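Notes to accompany the following structure.
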Amino acid sequence: MKWVCLLQNAAAVVLRREFHRSAPASVQVTVRDALNQAMDEELERDERVFLLGEEVAQYDGAYKISRGLWKKYGDARIIDTPITEMGFTGIAVGAAMAGLRPICEFMTFNFSMQAIDQVINSAAKTNYMSAGRQSVPIVFRGPNGASAGVGAQHSQCFAAWYGHCPGLKVVSPWSAEDARGLLKAAIRDDNPVVFLENELMYGVPFEMSEESLSKDFTIPFGKAKVERQGTHVTLVTHSRYVSFCLDAAAVLAKEGVECEVVNLRSIRPLDVETIEASVMKTNHLVTVEGGWPQFGVGAEVCARVMEGPAFNFLDAPATRVTGVDVPMPYAKILEDNSLPHTHSVNAVSMCVRVCVYVKRTVILSAVTAGIPALC
Amino acid sequence: MLNGMATIFRNYKQAVVSSRAFADFTPKASFEIKKCDVHRLEEGPPGQAELTREQGLHYYRTMQTIRRMELKADQLYKQKIIRGFCHLYDGQEACAMGIEAAINPTDHVITAYRAHGYTYTRGVPVKQILAELTGRKGGIAKGKGGSMHMYAPNFYGGNGIVGAQVPLGAGIALACKYLGNNQVCVTLYGDGAANQGQIFEAYNMAALWKLPCIFICENNKYGMGTSVERSSASTDYYRRGDYIPGLRVDGMDVLSVREATKFAADHCRAGKGPILMELETYRYHGHSMSDPGVSYRTREEIQEVRSKSDPISMLKDRMLSNKMAAMEEFKEMDSEIRKEIEEAALFATSDPEPPLDALCDHIFHNDLPLEVRGTTPWSKLKSSS
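Here you go:
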């Protein structure tokens with residue numbers, strides 16, 4: 001049984017690789033370059049689009065996401081702001097109200113807390129309060145969540161905070177394709193979009209197809225992507241943790257447990273249909289995120305699955321794998337143990353193994369006791 | 001026969017009034033206005049203002065309409081037909097009217113929550129303002145916004161968070177500069193908001209980038225119940241922009257406000273960057289309808305302002321003493337306005353509330369319809385853009 005699984009997995013991996021190799025003109029692009037190109041193309045396409053934020057112009061961007069844009073588009077369209085988040089965020093929102101299409105960069109989303117009133121009360125709620133008279137076409141983007149060794153004030157994940165609010169669209173890309181397609185869609189959207197990047201993903205290269213490199217390539221919001229097909233457990237995740245789940249899936253595959261990895265892409269709206277379809281197939285749900293557990297993205301996913309048809313298909317309670325409920329410490333050993341890292345690959349696999357074990361024992365005892373329909 | 005004679009007599013009287021309109025009234029007069037205190041300016045606005053008869057009648061009508069509308073809102077609130085927050089503007093009419101008289105309809109205005117006056121001067125009819133206050137579907141925001149969230153073309157509300165509208169206004173000015181349309185943005189805030197950090201952030205960027213933004217502080221001497229002396233280390237609000245030139249203006253005189261705003265708009269349109277105006281004004285009502293307004297100030301003070309500095313009376317007296325209009329004309333306008341307000345109030349109290357299936361509409365703009373969770377997982381509501 002295990003041998004067959006191994007063979008099947010090996011075949012799948014090889015087939016996937018073959019498929020990628022034979023795809024026409026696919027290129028390796030880092031997330032950083034994908035974001036840069038997306039912004040460049042959208043700036044060129046629509047004169048009303050402009051970028052403002054700290055160090056976005058002459059410094060080429062604190063994380064070099066806007067490299068080259070100031071040289072190309074100049075002071076009027078790539079604007080360095082003073083270190084005054086509340087002020088420049090309000091200015092960006094006002095400019096959007098008056099007909100421009102700003103991209104407002106936060107050096108990290110931790111600093112967006114200083115400006116969160118403008119994001120929520122001035123941007124998110126305005127179209128509703130005005131009964132559609134006043135729209136706010138703006139993108140708030142920047143790195144979100146933990147980095148490496150930056151300490152507690154620079155490591156918070158805001159997916160749950162912004163995902164809570166109606167009137168916002170909130171997306172969290174993982175791959176270069178996600179970054180490009182979602183950013184283009186965000187800039188073209190007539191509504192406020194919170195675009196949560198991840199600093200540690202910026203330098204990671206991904207293969208991108210010719211289609212995903214086309215000028216009008218956009219990814220619709222509210223659609224998750226199944227990055228890996230599986231039959232035993234559904235791993236629902238977003239951003240950097242998609243990589244971790246794929247790594248965990250590779251480890252678990254060797255044990256004969258096939259994970260289905262769902263890359264959320266969108267935090268709000270959440271693609272409940274894809275999650276439900278997956279859970280109804282695998283009967284087990286594990287959510288994986290970097291944010292804190294209480295009132296987090298995973299909590300919402302679990303609640304939604306509970307409230308919908310997929311609940312009846314669960315063979316075990318849904319489990320959340322999250323960051324540790326503590327402000328991020330600095331020392332490497334502490335930081336490593338505050339996030340779902342390699343240890344959590346095992347934690348995930350533990351959860352899954354437990355689920356699968358429970359299922360096996362339950363079915364076994366059910367069969368022996370002659371009680372049907374527990375499966 | 002008698003009826004016929006009465007009709008002829010009535011017509012004759014009307015004819016007399018109209019012929020008086022053309023012959024006897026001063027068509028234009030010049031008035032001395034209080035000199036503005038200036039900050040970082042060689043000179044301020046002129047000390048004289050011209051007023052034509054038409055302008056005078058228009059300013060009177062507008063200010064009186066705002067006054068009567070606010071008093072009607074007071075009445076409706078006390079009858080519990082208006083709920084929640086209601087911040088009334090009576091006493092400050094000269095500010096809204098003077099500003100509107102000095103700018104173009106294509107210029108932009110944004111203010112805080114004491115917004116009914118500006119909503120009117122920016123073109124929203126009284127009945128849509130009152131219907132918004134009473135939460136009906138005929139309200140300017142279809143009942144979704146309420147007192148503090150009314151919008152119109154080139155009028156960005158109506159903003160509930162104290163001070164947040166100021167960076168927004170600077171952003172609107174940035175858009176004006178970006179688009180090169182020679183427009184300006186009038187960005188209003190109160191003495192209570194004047195100490196907000198984000199206002200200083202907006203001053204900095206507006207000055208740095210030379211944004212065509214007219215920052216206007218409507219100083220009505222009280223931020224809610226806190227007098228300016230108790231809230232501000234410096235009450236010279238026109239100087240608080242530091243490197244931004246400033247003017248302190250008599251906000252009870254519609255002509256002063258108009259001249260100062262014209263001066264400010266010219267400054268911005270000449271590419272000189274932002275400018276700051278402080279309008280010294282007064283509100284008769286308390287901070288909002290839940291504030292009687294007498295625990296932190298005296299009734300005598302309110303009465304004194306009413307009798308000596310009321311903006312509407314001042315304008316009327318000026319016009320009468322210069323023979324620019326007849327008392328009957330003002331009385332007639334008053335009764336027309338009263339009728340307009342009554343009709344608007346009738347509309348506002350009889351128009352139906354918004355339909356329940358519109359509850360989730362307009363969460364987004366230009367979007368496909370989406371499903372919205374209701375109070376329970378089974379109630380799936382629909383949102384259209």
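Here the protein sequences come in this chain order: A and B.
Quick note on numbering: the UniProt record's numbering labels position 174 of the first sequence as 174, and the sequence is numbered without any gaps.
Quick note on numbering: the UniProt record's numbering labels position 103 of the second sequence as 103, and the sequence is numbered without any gaps.
Positions of the beta carbon are idealized from the N, C-alpha and C atoms, including for glycine.
Source: prediction; values computed, not measured.
On the criterion of 16 or more Cβ atoms from any shown chain inside 10 Å, does alanine 101 of chain B qualify as buried, or is it exposed? buried
Which residues does DSSP list as the beta-bridge partners of glutamate 280 of chain B? B:Asn219, B:Asp250
Establish whether the CB of glutamate 32 of chain B and some CB of chain A are separated by less than 8 Å. no
In whole angstroms, give me the CA-to-CA distance for valine 56 of chain A and serine 112 of chain A. 16 Å
Run down chain A in chain order and give the residues with a C-beta less than 9 Å from the C-beta of methionine 97 of chain B. Going along chain A, no residue has its Cβ under 9 Å from methionine 97 of chain B, so there is no contact; the nearest lies around 24 Å.
Taking its Cβ as the centre, do 16 or more other Cβ atoms sit within 10 Å of alanine 73 of chain B, making it buried, or is it exposed? buried
Once the 5 residues before and after isoleucine 103 of chain B are set aside, which same chain residues still bring their CB inside 8 Å of it? Val109, Val184, Val186, Thr261, Ala265
So for isoleucine 333 of chain A, helix, strand or coil by DSSP? helix
Aspartate 325 of chain A bridges to which residues according to DSSP? Aspartate 325 of chain A is not bridged to any residue.
Tell me whether the beta-carbon of methionine 150 of chain B lies closer than 8 Å to the beta-carbon of isoleucine 140 of chain B. yes
Could you give the C-beta distance for asparagine 220 of chain B and arginine 283 of chain B, rounded to a whole number, given that I count them as a contact under 8 Å? 5 Å
Taking Cβ-Cβ distances below 7 Å as the criterion, which residues of the region 204-218 of chain B are in contact with chain A? Asn204, Met205
Three-state secondary structure (DSSP) of valine 184 of chain B: coil
Of all the beta strand (DSSP E) runs that stay within the bounds of the region 129-155 of chain A, which reach a length of 3 or more residues? 139-143
Exposure of glycine 169 of chain B, with buried meaning 16 or more beta-carbon neighbours within 10 Å: buried
Quick one: grab the DSSP three-state call for threonine 282 of chain A. helix
Given that a residue counts as buried once 16 or more other Cβ atoms are within 10 Å of its Cβ, and exposed if not, what is asparagine 181 of chain B? exposed
Which same chain residues, not among the five before or five after alanine 152 of chain B, have their C-beta less than 8 Å away from its C-beta? Thr119, Arg122, Gly123, Val124, Ile140
Determine the extent of the beta strand (DSSP E) in which methionine 208 of chain A is found, giving its start and end residues. 205-208
Phenylalanine 85 of chain B by DSSP, collapsed to three states: which one? coil
Which residues does DSSP list as the beta-bridge partners of residue 388 of chain B? Outside the displayed range of chain B (1 to 385) lies residue 388 of chain B, so it cannot be described from this structure.
Ends of the alpha helix (DSSP H) at histidine 116 of chain B? 116-121
Do the region 136-155 of chain A and the region 180-190 of chain A meet, that is, are 3 or more Cβ pairs less than 8 Å apart? yes
Helix or strand or just coil, what does DSSP make of glutamine 75 of chain B? helix
Kindly list, in the order they appear in chain A, the residues whose Cβ is closer than 7 Å to that of lysine 316 of chain B. Within 7 Å Cβ-Cβ: nothing; lysine 316 of chain B doesn't reach chain A, min ~35 Å.
Are three or more beta carbon pairs between the region 222-239 of chain A and the region 255-271 of chain A nearer than 8 Å? yes
Find the residues of chain B that neighbour isoleucine 91 of chain A, judging by a C-beta separation of less than 8 Å, and give them in chain order. Pro167, Leu168, Ala170, Gly171, Leu174, Ala202, Met205
Tell me the rounded alpha-carbon separation between leucine 370 of chain B and tyrosine 156 of chain B. 26 Å
Any idea if leucine 174 of chain B is buried or exposed, counting beta-carbon neighbours within 10 angstroms, 16 or more meaning buried? buried
Which whole-angstrom value describes the C-beta separation of serine 26 of chain A and methionine 280 of chain A, a residue pair presumed to lie in contact below a C-beta threshold of 8 Å? Not quite, the Cβ-Cβ distance comes to about 33 Å (not below 8 Å), so this is no contact.
Which residues, in order along the region 189-217 of chain A, keep a beta-carbon less than 7 Å from a beta-carbon of chain B? Asp190, Asn191
Round the Cβ separation of valine 261 of chain A and cysteine 245 of chain A to the nearest angstrom and send it over; I've been treating them as touching at under 8 Å. 5 Å
Nearest candidate by alpha-carbon position, reference lysine 169 of chain A, set A:Pro340, A:Arg265, A:Glu276, A:Cys157: A:Arg265
Per DSSP, what kind of secondary structure is arginine 21 of chain A in: helix, strand or coil? With a pLDDT of only 46 at arginine 21 of chain A, under the threshold of 50, the placement of this residue in the model should not be trusted, and no figure is reported.
Going by beta carbon distance, what residues of the same chain come within less than 6 Å of glycine 163 of chain B, once the five residues before and after it are set aside? Ala193, Gln196, Gln198, Ile199
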